[in-house]
Every structure is written in C-alpha cells, then in structure tokens.
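My numbering puts the first residue of the sequence shown at 126, with every later residue one more than the last.
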Amino acid sequence: MALNLLLANIPIANSGEPADAQAGIIAIPADDFLNSLGICIHHAQGVDAQSYVAPLKYLGVRNIRDDFGKPQGYVYLKKQTGVKANLIASSKDLGVTIESLRYIARDDALLSVEGPNEPNNFPITYKGETGGGFQRLFGKPADWTAVARFQRDLYNAVKSDPLLAKYPVFNVSEVGAQSPNLGLQYLEIPQGAETVFPAGTRFADYLNVHNYVAGTQKRYVDNQAWNAADPLMNAGWDGLFGNHGTLWGHGYRGYGSAELPHVPKVTTETGWDSHSDFGGEKVQGTVLLNTYLAQYKRGWKYTFLYMLRDGEGGAGNQGVYNADSSPKLAAHYIHNFTSILSDQEAIKTPRRFRYRIENASGTTHDLLLQGKPNAFFLVVWGERTSGGEDVEIRMPSKVRSVRIYDPTLGTDPIETADETDRLKLWLTDHPIIVKFVADAS
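Set out below in structure tokens:
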C-alpha cells in the first residue's frame, strides 16, 4: 500500500461545513468497539472447550455465541480467554435454562441470552407444542405461536430474576418467516400493530438478524459489508428491513423506515465462505474486517462471525480457522486488527476531534476511536472490489506520534511521523489504522 505523509500545517476553512464537522466528531472508546466483536463456536455440539482457548486468545475477540451446552465450558473459556457467552436458550425446560444461565452469570461469563435460532429452519417444541417452519404457497402456513410464547416467557423469566435481569435478551432470528402475524418483528408490540399477541407484549431488548455479508445472491460487489449492514436495504442481503420492516415471508408490517436505523439490534451470524464465496481466503479476510467495522458504524451493538472453525457448522468453509485448527488469513487479519487496537484504556468521557477526508468516493468509510485520553485511532477502510483511490485526511492542527498500520500486513506500523496535519492514504478493500496523539486544546 502506498502512503505519503505531508508535513505541513494547513488550516481548514470553516465556511460551508456542516455544524457537526465544525465542532468535530465525538470519538468512540476503542474498548466499546472491541466489546462488539464476537464469533460463533460449537462447544454445545460436543467440541472440547479447551480446543477453543488458543484460537480465541489469538483472535482477540471478546464474545462467543453458541447453542445451550454445558455451562462449565463457558465458565472455563471466560477464565482462560476472557470471552463472554451469548447463548441460544433451550425451549425444552425453561427452568433448567434459567438455572444454567445463573450458573454462568455468577462467574461473570455471560454476555446475553438469545431466543430460538432460525425457527424457519429449526422448529422448536415448547410445552408440548411445536412452532416454526415456513410455507408460503401451498397448504397451511407454518405456525410460530409456540416460538412467540417461548420468547415472551424467556424474556419475562430473565427480567424477573434478580441475578439475570441486567443481561440483555436477543430476539428470535429470521422472524421475517413468522406466521401468523404474532408480533415477533417488534421488541415490544406497539398499540395498533394488529398482531395476534397483544400490544405491550415484550420479546427482547435487541432485534437479532442473520444478515450474512455474503448476501443472498452470492456476489462480491463494492460496499459489500456496508450494504449488508444497511438497516433499510431490501435486496441482496437478508437484512433488518426484511425481518423487521416489511417481512419477507408474508409481508407483515413492522417498524417504519424512520425507526429501523435506531432500534437496538445485533447480528448473531454473518460470514464469508473461503471456498465457495468469491476470492478465497484473501477476500474472506478483508470482507470480515470490513464487516466488523461497517456493522458497528451503522448501529449494530454486537456482531458475531459464523464461524470460528471449519467442520463444526455444516459442510461449508466459513470458519476463520481450518478444520485442523490452522489459521486462515482471516484469523491473522483479525488478530492483527485487535492487537493494534488493544493499546487502550477505559475512556469515561470521549473527546471530540476534527478531521476531514477529501477525495473519497462512496466506498470509503471511517470510524474514530479513542484509546487513551489524548490518543486516537482513525480507522479508514475501503470497500472496492478492484483498484483503489487516494484520499487525504486533513486536520486543523498538527497531531504527533503518528503511526500507520495495515492489519493485512502485520502489527508493526508501515509508516510513522513525528508531526503532521495531512495524511495521504491509498485505500482498496480493507482498513488502514491511523494512530496519533492530539493534545486537548
């Protein structure tokens, strides 16, 4: 990657700039961003928890997602690696589920609890009643009533428990397939929704979507990750709009377009197959880095990649590790990325900082993170499928101790400067991280 630092102090004109650009952008604590990163494992399916220790330590992600397995395994992984678990609740016995969650929470190993996983593909049984499936054209539509009853009861059980009440509940995934119109598209059913369950029924704290970055058409296009994270896009990706706006299965209505971008939401599955999707390991790695960034920038609280290792979740090759636990390029890129950003501490009151990116096209995106009181990471990423572009970052005054990193190359800076107020970057298909110190004015 070509990169040039221009060591000149050029003032930025204020006239004609939006008010927020003049005031600067409030940085996001780097710790908050790192806390959003997750990955799926399959300890519940019988994989030894110990086999995940080395990969999780190397990746540096902070959260795991799994079906409901032996709770001791998640406590062990928390002690060994620091990760917390989002667990898909079992509908077999809600009482046992709650007790298991309490066990995990007592050791601070619990992140959240999730409703049923894709009931359109994996129907559940609750209190002797089966719910889920999908049928649109012929015969009687599948009935999700048992799914809605379980999700309602799960939410109430968690929130009424003194130990568990503080933990978030994620909604059922793939609710775009529900029938009849039970109201699962909402966190809490509003008045006038005309759903089977009454207004005021609460299901979750976060909507839960499987907006796979690979998309429904298996293409590789500019802004692949940015589009997958779009809360309003309704073509090419199985996204928020089709599950919680106008539902893809039967056209039921949910949140309006003005509401969707602001509703609390998580992604518990997204991924890229290193064999069947375009570009092999290289593109898998760059797309997944972009995915973590685009998801956070567009308002998703947590993002879980599917998955950690091949051979544990069907016949695909979406793991960032091979079946023999050797790392793919994606694992190295994620390791480099989290390692670079790990130079941080808790930031109670993030600062504003002014900068401007010039000559950027619609495939260039940015995220300003604050690592320490005067230290920032400006992450700028491109989402081009080919070629690249020169962009220039301009700042109103000089910053110091500048370090430029490319996580696809390693954890050492690729260029440094003592002071500068201009940076020229060549952006292609992945993030560049600019670390710098800016003294408070």
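For every residue, glycine included, the Cβ atom is placed at its ideal position computed from N, Cα and C.
Per-residue burial, residue i [other beta carbons within 10 Å of its own, 16 or more giving buried]
{"i": "residue 115", "result": "The first residue shown for the chain is 126 and the last is 566, placing residue 115 beyond what the model contains."}
{"i": "residue 224", "result": "exposed"}
{"i": "residue 541", "result": "exposed"}
{"i": "residue 434", "result": "buried"}
{"i": "residue 363", "result": "buried"}
{"i": "residue 277", "result": "buried"}
{"i": "residue 221", "result": "exposed"}
{"i": "residue 527", "result": "buried"}
{"i": "residue 401", "result": "exposed"}
{"i": "residue 412", "result": "buried"}
{"i": "residue 420", "result": "buried"}
{"i": "residue 381", "result": "exposed"}
{"i": "residue 556", "result": "buried"}
{"i": "residue 325", "result": "exposed"}
{"i": "residue 581", "result": "In the structure as shown, the chain begins at 126 and stops at 566. Residue 581 is therefore absent and cannot be evaluated."}
{"i": "residue 374", "result": "buried"}
{"i": "residue 367", "result": "buried"}
{"i": "residue 439", "result": "exposed"}
Alpha carbon of residue i to alpha carbon of residue j, nearest angstrom
{"i": "residue 102", "j": "residue 196", "result": "Here the chain has residues from 126 to 566 only, and residue 102 is not among them."}
{"i": "residue 159", "j": "residue 265", "result": "45 Å"}
{"i": "residue 306", "j": "residue 189", "result": "32 Å"}
{"i": "residue 495", "j": "residue 418", "result": "15 Å"}
{"i": "residue 174", "j": "residue 450", "result": "13 Å"}
{"i": "residue 322", "j": "residue 563", "result": "53 Å"}
{"i": "residue 335", "j": "residue 170", "result": "20 Å"}
{"i": "residue 467", "j": "residue 479", "result": "23 Å"}
{"i": "residue 154", "j": "residue 472", "result": "6 Å"}
{"i": "residue 565", "j": "residue 489", "result": "28 Å"}
{"i": "residue 484", "j": "residue 515", "result": "7 Å"}
{"i": "residue 210", "j": "residue 523", "result": "42 Å"}
{"i": "residue 176", "j": "residue 500", "result": "36 Å"}
{"i": "residue 558", "j": "residue 444", "result": "25 Å"}
{"i": "residue 493", "j": "residue 481", "result": "12 Å"}
{"i": "residue 130", "j": "residue 152", "result": "Residue placement at residue 130 is flagged as unreliable, the pLDDT there being 40, under the threshold of 50; the coordinate-derived value follows with that caveat. Going by the C-alpha atoms only, they are around 23 Å apart."}
{"i": "residue 357", "j": "residue 422", "result": "15 Å"}
{"i": "residue 283", "j": "residue 289", "result": "6 Å"}
{"i": "residue 291", "j": "residue 487", "result": "39 Å"}
{"i": "residue 273", "j": "residue 519", "result": "51 Å"}
{"i": "residue 193", "j": "residue 219", "result": "12 Å"}
{"i": "residue 513", "j": "residue 550", "result": "10 Å"}
{"i": "residue 441", "j": "residue 244", "result": "20 Å"}
{"i": "residue 579", "j": "residue 531", "result": "Any answer about residue 579 is impossible in this case: the structure gives the chain only from 126 up to 566."}
Residue i, DSSP secondary structure in three states
{"i": "residue 247", "result": "coil"}
{"i": "residue 377", "result": "coil"}
{"i": "residue 299", "result": "coil"}
{"i": "residue 349", "result": "helix"}
{"i": "residue 575", "result": "No answer is possible for residue 575: it lies beyond the span of the chain, which begins at 126 and ends at 566."}
{"i": "residue 495", "result": "strand"}
{"i": "residue 546", "result": "strand"}
{"i": "residue 471", "result": "coil"}
{"i": "residue 572", "result": "A query on residue 572 cannot be resolved here, the shown segment of the chain reaching from 126 to 566 and no further."}
{"i": "residue 448", "result": "coil"}
{"i": "residue 279", "result": "helix"}
{"i": "residue 415", "result": "helix"}
{"i": "residue 217", "result": "coil"}
{"i": "residue 553", "result": "coil"}
{"i": "residue 423", "result": "coil"}
{"i": "residue 400", "result": "coil"}
{"i": "residue 161", "result": "coil"}
{"i": "residue 149", "result": "coil"}
{"i": "residue 365", "result": "helix"}
{"i": "residue 154", "result": "strand"}
{"i": "residue 456", "result": "helix"}
{"i": "residue 464", "result": "helix"}
{"i": "residue 227", "result": "helix"}
{"i": "residue 272", "result": "helix"}
Residue i vs residue j beta-carbon contact at 9 Å
{"i": "residue 310", "j": "residue 377", "result": "yes"}
{"i": "residue 213", "j": "residue 432", "result": "no"}
{"i": "residue 554", "j": "residue 508", "result": "yes"}
{"i": "residue 393", "j": "residue 338", "result": "no"}
{"i": "residue 503", "j": "residue 561", "result": "yes"}
{"i": "residue 409", "j": "residue 453", "result": "yes"}
{"i": "residue 202", "j": "residue 235", "result": "no"}
{"i": "residue 230", "j": "residue 255", "result": "no"}
{"i": "residue 388", "j": "residue 369", "result": "yes"}
{"i": "residue 294", "j": "residue 330", "result": "yes"}
{"i": "residue 552", "j": "residue 506", "result": "yes"}
Integer Cβ distance of residue i from residue j, believed to fall under 8 Å
{"i": "residue 268", "j": "residue 298", "result": "Not confirmed; about 18 Å, so no contact."}
{"i": "residue 187", "j": "residue 200", "result": "Actually they are not in contact, since the Cβ atoms of residue 187 and residue 200 sit about 16 Å apart, beyond 8 Å."}
{"i": "residue 172", "j": "residue 205", "result": "Contact doesn't hold; Cβ gap of about 15 Å is too wide."}
{"i": "residue 240", "j": "residue 248", "result": "That belief does not hold up - the Cβ atoms of residue 240 and residue 248 are roughly 13 Å apart, past 8 Å."}
{"i": "residue 426", "j": "residue 161", "result": "6 Å"}
is_contact[residue i, chain D] using C-beta, thresh 9 Å
{"i": "residue 553", "result": "As a matter of chain content, chain D is missing from the structure shown, which is built from one protein chain."}
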